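Okay, structure first, notes after.
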Amino acid sequence: MSASGGKKAIFAALSANAGIAVAKFAGAFITGSGSMLAEAVHSLADTGNQGLLLLGRKRAEQQADERHPFGYGRNRYFYSFVVALVLFTLGSMYAIWEGIHKIQHPEKLSSPVVAVVILAVAAALEGYSFATAMRESAALRGDTGWWRFIRTSRNPELPVVMLEDTGALIGLLIALLAVVLTMLTNDPVWDGIGTVGVGILLGAIAIVLIVEMKSLLIGEGATPDQVRAIRENLVDGVRIDRVIHLRTEYLGPEDMLVAAKVAIVPGLEIADIAAAIDDAEARVRAAVPVARLMYIEPDLYRTQPAA
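Residue 1 is where the sequence shown starts when you use the UniProt record's numbering, and the numbers rise one by one after that.
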């Protein structure tokens, strides 16, 4: 996936959430619905989150320097982690607080039909954003399911957008159900219950994102398929006959560090060893394009002495 492809999903989410937030705040003001207000704050937080994701991508494009010799790629992980924190604090905690307040002090809704219409329009816009994120992630996901992709992807933005949109769609359904139950029963407590439900949903999504982004921020290695491809391509069977040990780490979504010690066939000249290392690097980069930074140490394989 190209860098611009990831931006397309973020911009789609940004435009959708900005429009939805305005509509929801207007609906909450007209109807007095707590679940609508919670959803409005949710959309406002999501809009800010897309801005943070774009900022992270921009910061990650800085050239490596003496202070950060491996570049600034992890900015994308850092800002995605901040997004998860914002979603948890501004989205989840506020919604739960507002829901508890509505349950303790229920207020009747005015013009609940307006809320239903706005929620339906918001669902259509969120569906568009989610569909865009799914299309943009298709090249990365392959046959992998979306949940496994979220758990294993080294790209931080698409999982964030996909989870945000999934949460938004479910949250809209909860808010719609709360408004409808309030209309049918004439009991505004349902609106407060729906607001708490939205808050719990946002909290669960935020926790998943915090765990995943923390792991990326600390540093994750190559996927099992990538490790297999790197090992296979380091060895040519003629000059390099085995990999003694291998370490990998993602410096950013499109930058992987590969450090390996390889066993050289005994008796090779220095020029042949250098050529073997260069050829191994070329094979690995062709098989795993994100392996941009490589350090390969040639050595002789020594069997362990018998105990």
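The beta-carbon is built from N, C-alpha and C at its ideal position, and this holds for glycine as well.
These figures come from a predicted structure and were not determined experimentally.
Can you grab the Cα-Cα spacing for the pair residue 308 / L53, in whole Å?
For residue 308 there is no data in the structure shown, the boundaries of the chain being 1 and 307.
When the Cβ atoms of the region 244-255 are set against those of the region 265-276, are three or more pairs found closer than 8 Å?
Three or more beta-carbon pairs separated by less than 8 Å are not found between the region 244-255 and the region 265-276, which leaves the two stretches without contact.
Distance between beta carbons of A115 and T31, contact taken as under 8 Å:
Along the sequence shown, read from residue 1 onward, the residue named residue 31 stands at position 31. Along the sequence shown, read from residue 1 onward, the residue named residue 115 stands at position 115. In this structure, T31 and A115 form a Cβ contact; the two beta carbons are roughly 5 Å apart against a cut-off of 8 Å.
If I measure Cβ to Cβ from V265 and keep anything under 8 Å in the same chain, skipping five residues before and after, which residues do I get?
Within the sequence shown, numbered from 1, the residue matching residue 265 stands at position 265. Short of 8 Å from the beta carbon of V265, and not among the five residues preceding or following it, lie these beta carbons of its own chain, in chain order: V238, R239, I240, D241.
L169 versus S137, F11, L202, residue with shortest Cα-Cα distance
In the sequence shown, counting from the first residue as 1, residue 169 sits at position 169. Sorting S137, F11, L202 by C-alpha distance to the C-alpha of L169 places L202 at the top.
Bridge-paired residues (DSSP) for R247:
Within the sequence shown, numbered from 1, the residue matching residue 247 stands at position 247. Note: R247 sits in a beta bridge opposite A259.
Reducing DSSP to helix, strand and coil, say where P112 ends up.
Counting from one through the sequence shown, the residue named residue 112 turns up at place 112. In this structure, P112 counts as helix in the three-state DSSP scheme.
Which residue from S129, H245, I150, S33 puts its Cα closest to that of E107?
Position 107 of the sequence shown holds residue 107. Distances from the CA of E107 to each of S129, H245, I150, S33 were compared; the closest alpha carbon is that of S33.
By how many angstroms is the C-alpha of L209 removed from the C-alpha of L217?
Residue 217 sits at position 217 when you count from the first residue of the sequence shown. Residue 209 sits at position 209 when you count from the first residue of the sequence shown. One C-alpha to the other measures close to 12 Å.
Reduced DSSP category for P46 - H, G, I as helix; E, B as strand; rest coil
Residue 46 sits at position 46 when you count from the first residue of the sequence shown. Note that residue 46 is Asp in the sequence shown here, rather than Pro. Helix.
Under three-state DSSP, which class holds P159?
If you number the sequence shown from 1, residue 159 lands on position 159. DSSP places P159 in helix when its eight states are reduced to three.
Does the distance from the C-beta atom of L90 to that of V41 stay below 8 Å?
Here the question's residue 90 lines up with position 90 in the sequence shown. Here the question's residue 41 lines up with position 41 in the sequence shown. For the 8 Å CB-CB criterion, L90 and V41 form a contact.
Would you mind stating whether V284 and V262 have Cβ atoms separated by less than 8 Å?
In the sequence shown, the residue the question calls residue 284 occupies position 284. In the sequence shown, the residue the question calls residue 262 occupies position 262. Not in contact: V284 and V262 (Cβ atoms no closer than 8 Å).
Measure the Cβ-Cβ separation of A280 and D225 and say whether it is below 8 Å.
One-based indexing of the sequence shown puts residue 280 at position 280. One-based indexing of the sequence shown puts residue 225 at position 225. Cβ distance not < 8 Å, so A280 and D225 don't count as in contact.
V189 vs I96 beta-carbon contact at 8 Å:
As a first step, residue 189 must be located in the sequence shown, where it is residue number 189. As a first step, residue 96 must be located in the sequence shown, where it is residue number 96. No, Cβ-Cβ distance for V189 and I96 is not below 8 Å.
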